[in-house]
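Taking our numbering, the leading residue of the sequence shown gets -10, the next gets one more, and so forth. Backbone N, C-alpha and C define an ideal beta-carbon position, used for all residues, glycine too. Before any comments, here is the structure.
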Amino acid sequence: MRALKALADVLVWTLAVIGVLCGALWAAGQAGLVQPLVVVSGSMEPAIMTGDLLLDTPVPVEQVEVGDVVSLPNPATGVLVTHRVVDIAPQDDGTWHVRMQGDANDTEDGGAYVVTDDTVLSPRWRVPGGGDFITRLTRPSTAVPLLVALAALLALSRMPASRTGHERARDRRPSPQPSGSEP
């Protein structure tokens, strides 16, 4: 039982560290410092594979050059599209027109993306297969059993340690009386 409790302690602490890291990533996302994206198409293969996790960070739009990879909202759907810049031009009204194309695509994306902000998102880190992992982990059929297992581990780690036979025998022995004392 002691080994099981020790294992539960290690697992709970490991999961706690992972939880803190996920919380930090969430906070960074809320602050606009990073945007996690799950790649759902093969348009950028082989550089960026379907199922990868991208961690995009904002970069000043004036620093974006042809050949850079950026993530911009699709004008029709608002969904972020991560493709390579094939043309970028400032406009008189202060916006930027960006034309993009996926590495695996034969043609450019239809129409220019109009950038009205001072920054665009650019993939800073890529976690191969990380998007698939997160997608599977957040499905109810996976998340609910994992949460139940986590609760069981937490309960197990909080249980008092069982005592060995040697410790129980030691506790049954009478305490020595101080010398020279009378009962």
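For residue i, the three-state DSSP class (helix, strand or coil)
{"i": "residue 80", "result": "coil"}
{"i": "residue 50", "result": "helix"}
{"i": "residue 88", "result": "strand"}
{"i": "residue 124", "result": "helix"}
{"i": "residue 129", "result": "helix"}
{"i": "residue 32", "result": "coil"}
Cβ neighbour criterion (16 or more within 10 Å) applied to residue i
{"i": "residue 148", "result": "exposed"}
{"i": "residue 21", "result": "exposed"}
{"i": "residue 132", "result": "exposed"}
{"i": "residue 120", "result": "buried"}
{"i": "residue 98", "result": "buried"}
{"i": "residue 30", "result": "exposed"}
{"i": "residue 61", "result": "buried"}
Supposed contact pair residue j and residue i - C-beta distance, whole angstroms, cut 8 Å
{"i": "residue 101", "j": "residue 86", "result": "4 Å"}
query: Counting Cβ pairs closer than 8 Å, one from the segment 109 to 127 and one from the segment 35 to 43, do we hit at least three?
result: yes
query: Would the segment 88 to 100 and the segment 66 to 78 be scored as touching if the rule is three or more Cβ pairs under 8 Å?
result: yes
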